[in-house]
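Peer 1: Residues are numbered in my numbering as their position in the sequence shown, beginning at 1, plus a constant of 13.
Pasting a structure here, questions to come.
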Amino acid sequence: MHDVPETRPIAGSGPAVRQPLTHGQERLWYLEQLTPGHPVHHLSSATRVEGPLDPGRLALALRICASRHDLLRSAVADRGDGPRRTVRPAADLPLRQVDLSGETVPDTKLRELLADERARPFALDSAPLLRATLVRTGQDRHVLLLTAHRIIADRASLTLLERELAQCYTEYGRTEPARPVPYAGRATPAGEAPDEGLAYWKGRLDGLQPLDLPLDRPRPRTRSHRGTSRRLRLGSGHADRLGRLAREEGVPAWTVPAAAFAVLLARWTGRYDVVFGRPVDHRPPHDAHGAFGPYEDLLVLRTDLTGRPTFREVVRRLAATREEAAAHAGVPFGRLVSLLDTERDLSRHPLCQAVFATTPPVGTGFTVPGLTTSPLTPEDDDLTPYDLLCTVTEQDGASGGPAVELRLASDLFLPESADRMTAVLRTLLLALAEHPDSRIGDVPVLPAEDRARIDTWNATDRPLPQPATVDGLFRTWATRTPHAVALTDRTGTWTYAELRLRAVRIARSLTEAGVTPDSPVALHLERSADLVAGMLGVLLAGGAHLVLDPGHPEERLRLMADDARISAVLSRDAPPAWLHHLGVPLLRLTDAERDTGEPPRSTGVPEDTPEVPDAPPPSRSHGQGAPDVPPPYRSRPDSLAAVVHTSGSTGRPKGVGIPHRAVVRLITATDYVDIGPGDVLLHLGDPAFDITAFEVWGALCNGARVCVLPGDEPLGPDEVLAALRELRPTVVSLTGTLFNRVADIDPRAFGGLRHLFVVGEVMDARRTRAVLRGGAPPGHLHNGYGPSENATFSTTHRVDRLPDDATGVPIGRALTNTTLHVLDPELRPVPIGVAGELYVGGQGVARGYLSRPDLTAQRFLPDPFAARPGAVMYRTGDLVRWLPEGALDFLGRADEQVKIRGYRIEPGEIEAALLDRDDVRECIVRATDVAGDRRLIAYVVPRAGCSPTPSEVLGGLRDRLPSHMVPGHLILLETLPTTPSGKIDARALPGIGAQDADPRDTSAVPPRTATERTLWEIWANALRVRAFGVHDSFFVIGGHSLLASVVRTAVRERLGVPLPLRTFFDLPTIAGLAVEIERAGGGTPADGTPGTPPDDTAHALEGLLAELERHAETRRAEG
14 MHDVPETRPI AGSGPAVRQP LTHGQERLWY LEQLTPGHPV HHLSSATRVE GPLDPGRLAL
74 ALRICASRHD LLRSAVADRG DGPRRTVRPA ADLPLRQVDL SGETVPDTKL RELLADERAR
134 PFALDSAPLL RATLVRTGQD RHVLLLTAHR IIADRASLTL LERELAQCYT EYGRTEPARP
194 VPYAGRATPA GEAPDEGLAY WKGRLDGLQP LDLPLDRPRP RTRSHRGTSR RLRLGSGHAD
254 RLGRLAREEG VPAWTVPAAA FAVLLARWTG RYDVVFGRPV DHRPPHDAHG AFGPYEDLLV
314 LRTDLTGRPT FREVVRRLAA TREEAAAHAG VPFGRLVSLL DTERDLSRHP LCQAVFATTP
374 PVGTGFTVPG LTTSPLTPED DDLTPYDLLC TVTEQDGASG GPAVELRLAS DLFLPESADR
434 MTAVLRTLLL ALAEHPDSRI GDVPVLPAED RARIDTWNAT DRPLPQPATV DGLFRTWATR
494 TPHAVALTDR TGTWTYAELR LRAVRIARSL TEAGVTPDSP VALHLERSAD LVAGMLGVLL
554 AGGAHLVLDP GHPEERLRLM ADDARISAVL SRDAPPAWLH HLGVPLLRLT DAERDTGEPP
614 RSTGVPEDTP EVPDAPPPSR SHGQGAPDVP PPYRSRPDSL AAVVHTSGST GRPKGVGIPH
674 RAVVRLITAT DYVDIGPGDV LLHLGDPAFD ITAFEVWGAL CNGARVCVLP GDEPLGPDEV
734 LAALRELRPT VVSLTGTLFN RVADIDPRAF GGLRHLFVVG EVMDARRTRA VLRGGAPPGH
794 LHNGYGPSEN ATFSTTHRVD RLPDDATGVP IGRALTNTTL HVLDPELRPV PIGVAGELYV
854 GGQGVARGYL SRPDLTAQRF LPDPFAARPG AVMYRTGDLV RWLPEGALDF LGRADEQVKI
914 RGYRIEPGEI EAALLDRDDV RECIVRATDV AGDRRLIAYV VPRAGCSPTP SEVLGGLRDR
974 LPSHMVPGHL ILLETLPTTP SGKIDARALP GIGAQDADPR DTSAVPPRTA TERTLWEIWA
1034 NALRVRAFGV HDSFFVIGGH SLLASVVRTA VRERLGVPLP LRTFFDLPTI AGLAVEIERA
1094 GGGTPADGTP GTPPDDTAHA LEGLLAELER HAETRRAEG
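What follows is the structure, encoded as structure tokens:
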């Protein structure tokens, strides 16, 4: 192989000229600086030539063409005045010749050579920016390759150059075509005034979101631009029908397959606000075939497919969108990017990540008499700057219908996804051809093989163990192992027999007070062994327990009690006054357990005792002479076992009725966890939520022990670490935030566990890897997902390993007796890999919302996929997709719910509480990340004549709502910003920084002492706010329990005082803490420099906060 030397270029005259770039050229220049030499910015064409070709004549013809087109003599460089194009007078465009005729050249070798030539970088500051290569492959056999940088040419330009090259070669020495007008003279297409066009596009693209195609791989910061291509071809019959539909509607032929592409995007993402790009040619009409240059531009088409349109209606909408956009095409795409793409996310194509293109049949413009030429289609040209490119090649009349190619970014998608998406596009095209008046949601897009795989994954039915009730299973173990330890807390230890005795007495007292089967009983108790005994007593009485945490606001507890229509209240001490007004019996725990003596209780954990089958329980006399034996069974599998409340958008919490069968299916005969005698479970979750079912009944219904952490003290990572060391549990569940905090302190802390479940929030991939690779991982690490309406867990995923590039953790497969359905808005199953809303069926589904038939009907729907008559499925509101191996991948929420520190929250409930105030006219509540900490922000517009302060408003909310629902920040506005369509413009809402820069509460008292100044700086670093004083409560200005633990660490390191976490709740102001610190002997920073944190401490704090709850997106119900 050798290169043939070249002749000298054609001489020109005059100086080099510098000209400005068009917007599109500027954008390409900047992209070239970011990824120098990347072949995605190149385009090429190759032609096979057979016959007596004269290379010298071809080289001269090439130079003649270069002398005609200024772009072929141009270079682009920045000389301090920005990038500009320099046009040189000399036509220096060599023809590189490569001779392979003396070698045996297989076709693959030739293609490799051509691919290398196409990929060879250009130096933009050195002309020419087009290369011509002639490869001699044999006697009278050649391949001509033209490669250009897109900054000077488009696809049509190469075809034009091929035609001119053939003309100059044919007419060599006779005539020369007239020199065209330079590119700079017509780079801007005709159209309306620029300001008018910009105004249109700003309104049209307002609120535009990136394309949300579910990805198989994390989006890399730097793209390779490699693509995975799949092709399909329609038969001539279907192609004729598509063409007939276009003629019927009077639209261009491309509109019909583009409509199918739009429907594909909608069905694949679950979003019916569809945006894609369409390449358009802006060559001047009077010289459409003679203009050389990058005239191709991208037109953004945004089409609304909501309202269940037919395919025909989609064609009409798309045609109208195209006509309207074309009327304002005077604004180049490059200028739109510079004005509207403010985020500048280099990992994705701006404004539109999907593109639909059409091309003519493959051909070549190089046709010369006496030579046989044909196009050489590159098989390895798989580059794409987009996430998804759909190209329709117009039919050539000989090969049937049009060819359709889908090209997916290989950085983002696996080949299986390309196969699946191509199959769905074929289905949609056929439906469009055969049934154009059918609705787009009525066309099933689930391939038969996907349907079969999903059915296999949902084959989870198993018989429930008998008796299929919580109290029944506990009775079985209390009879089988009466002397085994069942329950411990800081006050003592109870065996199964002792706990049964307590529960029996409580049950009899409740029954005598009028509690009947299925009736809710409120327990006004914090997390404790007493609460566990009370819950078990309620179940033995046939009732359902509703936990009213005394630490929650009275008003919310009253709403919960009223909503559940409780039949009785059980309390440890004298019930508060408000409970007396409910009109139901009030029982004190000590009275309910009254007997001749206190219930037997051990002072420590006894040694393991051999099982004594069927041993009778201890017999004691009840106060009224009844023996202390369990009452008859009063519960059934469908009876209510518990009532838990979730946040409600109307301001009223919703009571979820959880039946026994749902809990039994969660904790027994499962395939995700094995619990038995010898296991120890920690109860550290909020007892008012459904995690209690797993932590408490998972132990007591399997012969294990439950250790209860005290509920009247704050629970942070230090307390969890202490419990892991001292109590030696084997099964633990932690919210995502607590897991992150503990893993940050000691990733080896979980080494003694058999099972660790991370629940309530998105599992953090970095912390997960740290725990798995830390040298002492738990026996099994699980990601647990599920709403309260499906009893704690719907899915779990066992995490054995996590690749370095994984940004998330799947939520896993269905539990036993659970079915999962990923559906589109028409309740049709979606293909594997496609986004859809998750519906959960099976034995774990709750009975609905108590006394709320309207809401129950909205969320609990008949299950069309179940064989059991009357089966229902729950609509979770979560967007997920199937992964190829059968696990689910969580994508986000389909509604406005958010998740804060594991609690599912409806912002509407907080907004309703705000609007109840006389001084609030309008408001909106949003969740945002502040240095990785997920927080609620309330934006409030006061009523005319009112001037509330943020602390006043937030203080009022704390009297009505639990702490996790009180916004961490409140920003006062004169009005809420809106979009041109009148909707709230969330992007225009000010961030936390606006509040920092302009404190609304002028009464804030600044720090007065060295200790207060140090505390103030610690708080400011942790909270990321500065508008507060020494008398402001930590929890009113954005703090919460986990941030309090961060502050506690900083106080210990800077001031040398190890304060108990409880102190931050008892003394939540800087002034109060400063007094306590000075009383404890502290008061000066540990590094001796007032107000200046040590570098390592500040760095550690930054790291903690930057990662705290980073992935705390809403995913499952409370607990």
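By construction, the Cβ of each residue, glycine as well, lies at the ideal position given by its N, Cα and C atoms.
Report the option in Arg230, Val53, Leu549 and Leu389 whose CA atom is closest to the CA atom of His238.
Peer 2: Val53
Peer 1: Since Val269 contacts Leu441 with CB under 8 angstroms, what's their CB separation in whole angstroms?
Peer 2: Contact doesn't hold; Cβ gap of about 11 angstroms is too wide.
Peer 1: So, for Ile704: in the same chain, excluding its five sequence neighbours on each side, which residues have a beta-carbon less than 7 angstroms away from its beta-carbon?
Peer 2: Gly698, Ser746, Val772, Thr805 and Gly1132
Peer 1: On the DSSP bridge list, what partners appear for Cys365?
Peer 2: Per DSSP, none; premise fails for Cys365.
Peer 1: Would a C-beta distance cut-off of 8 angstroms place Arg86 and Ser114 closer than the cut-off?
Peer 2: no
Peer 1: To the nearest angstrom, report how far apart Thr1102 and Arg1026 are at their CA atoms.
Peer 2: With a pLDDT of 43 at Thr1102, under the threshold of 50, the predicted position of this residue should be treated as unreliable, though the coordinate-derived value follows. Those two C-alpha atoms are separated by around 11 angstroms.
Peer 1: CB Leu47 to CB Leu425, shorter than 8 angstroms?
Peer 2: Leu47 is not a Cβ neighbour of Leu425, given a cutoff of 8 angstroms.
Peer 1: Given a threshold of 16 other Cβ atoms within 10 Å of its Cβ, counted over all protein chains shown, does Val375 qualify as buried or as exposed?
Peer 2: Using a 10 angstroms sphere on the CB of Val375, the tally of other CB atoms stays under 16, which defines it as exposed.
Peer 1: Cα separation between Arg894 and Tyr798?
Peer 2: Their Cα atoms are separated by approximately 14 angstroms.
Peer 1: When the Cα atoms are used, what is the spatial distance from Gln110 to Gly849?
Peer 2: 55 angstroms
Peer 1: Taking the CB atoms as reference points, tell me whether Gly256 and Leu421 lie closer together than 8 angstroms.
Peer 2: Going by C-beta atoms, Gly256 is not nearer than 8 angstroms to Leu421.
Peer 1: Nearest-angstrom Cα distance between Leu34 and Gly220?
Peer 2: 30 angstroms
Peer 1: Use the C-beta contact count for Ser960: other C-beta atoms within 10 angstroms, 16 or more gives buried, fewer gives exposed.
Peer 2: So Ser960 counts as exposed.
Peer 1: Short check: CB of His982 to CB of Val1038, under 8 angstroms?
Peer 2: yes
Peer 1: Report all residues from its chain with a CB closer than 6 angstroms to the CB of Ala145; omit the five preceding and five following residues, and keep chain order.
Peer 2: Leu75, Leu108 and Leu159
Peer 1: For the segment 1023 to 1072, which segments carrying the alpha helix (DSSP H) assignment without a break, of at least 4 residues, lie completely within its bounds, in sequence order?
Peer 2: Counting only runs of 4 or more residues that sit fully inside the segment 1023 to 1072, the alpha helix (DSSP H) segments are 1023 to 1036 and 1054 to 1068, in chain order.
Peer 1: From Arg1013 to Leu985, what distance separates their C-alpha atoms?
Peer 2: Residue placement at Arg1013 cannot be trusted, given a pLDDT of 39 that sits under 50; what the coordinates show is reported in the next sentence. Those two C-alpha atoms are separated by around 8 angstroms.
Peer 1: Which whole-angstrom value describes the C-beta separation of Val344 and Leu211, a residue pair presumed to lie in contact below a C-beta threshold of 8 angstroms?
Peer 2: 6 angstroms
Peer 1: List the whole-angstrom C-beta distance separating Thr1024 from Leu1068, where the pair is believed to meet the contact cut-off of C-beta under 8 angstroms.
Peer 2: 7 angstroms
Peer 1: For a test of the three-state rule: what should DSSP assign to Glu965, helix, strand or coil?
Peer 2: Three-state DSSP puts Glu965 in a helix.
Peer 1: I need the straight-line Cα distance from Ala535 to Gln856, nearest angstrom please.
Peer 2: 25 angstroms
Peer 1: Relative to the alpha-carbon of Leu553, which residue among Leu538, Leu570 and Val528 has its alpha-carbon at the smallest distance?
Peer 2: Val528
Peer 1: Taking the alpha-carbon of Glu924 as reference, which of Val1059, Ile937 and Gly883 has the nearest alpha-carbon?
Peer 2: Nearest C-alpha to Glu924: Ile937.
Peer 1: On the three-state DSSP scale, how would you describe Ala940?
Peer 2: strand
Peer 1: Might you give, ordered along the chain, the residues of its own chain that have their beta carbon closer than 7 angstroms to the beta carbon of Pro626, omitting 5 neighbours on each side?
Peer 2: Note that Pro626 scores a pLDDT of 35, beneath 50, so its modelled location is shaky and nothing firm can be said.
Peer 1: Would you mind sorting Trp591 into buried or exposed? The rule is 16 or more other CB atoms within 10 Å of its CB.
Peer 2: exposed
Peer 1: Just the C-alpha distance for Phe274 and Arg780, rounded to the nearest angstrom, thanks.
Peer 2: 40 angstroms
Peer 1: Find the nearest neighbour of Asp225 within the set Leu769, Val1018, Gly846 and Ala1057, judged by alpha-carbon distance.
Peer 2: Gly846 is the residue among Leu769, Val1018, Gly846 and Ala1057 whose C-alpha sits nearest the C-alpha of Asp225.
Peer 1: Would you mind listing the alpha helix (DSSP H) stretches within the segment 120 to 184 that are 4+ residues and don't spill past its ends, in chain order?
Peer 2: Taking 4 residues as the shortest admissible run, the segment 120 to 184 contains the following complete alpha helix (DSSP H) segments, listed from N- to C-terminal end: 120 to 132 and 168 to 183.
Peer 1: Using DSSP with H/G/I as helix, E/B as strand and the rest coil, what is Pro28?
Peer 2: coil
Peer 1: Is the segment 641 to 649 close to the segment 827 to 846, with three or more CB pairs under 8 angstroms?
Peer 2: Output reads no: the segment 827 to 846 does not touch the segment 641 to 649.
Peer 1: Thinking C-alpha only, which one of Leu570, Ala574 and Thr506 is nearest Ala546?
Peer 2: Thr506
Peer 1: Counting only runs of 4+ residues fully inside the segment 255 to 319, write out the alpha helix (DSSP H) ranges in chain order.
Peer 2: 268 to 282
Peer 1: Would Ala252 and Gly414 qualify as a contact pair, given that the criterion is a beta-carbon distance under 8 angstroms?
Peer 2: yes
Peer 1: Enumerate, from N- to C-terminal direction, the unbroken alpha helix (DSSP H) stretches of 4 or more residues contained entirely within the segment 856 to 936.
Peer 2: Every alpha helix (DSSP H) of 4 residues or more that sits fully in the segment 856 to 936 is shown, in chain order, as 866 to 872 and 920 to 928.
Peer 1: Under 8 angstroms, do Asp731 and Asn753 count as touching if we go by C-beta distance?
Peer 2: no
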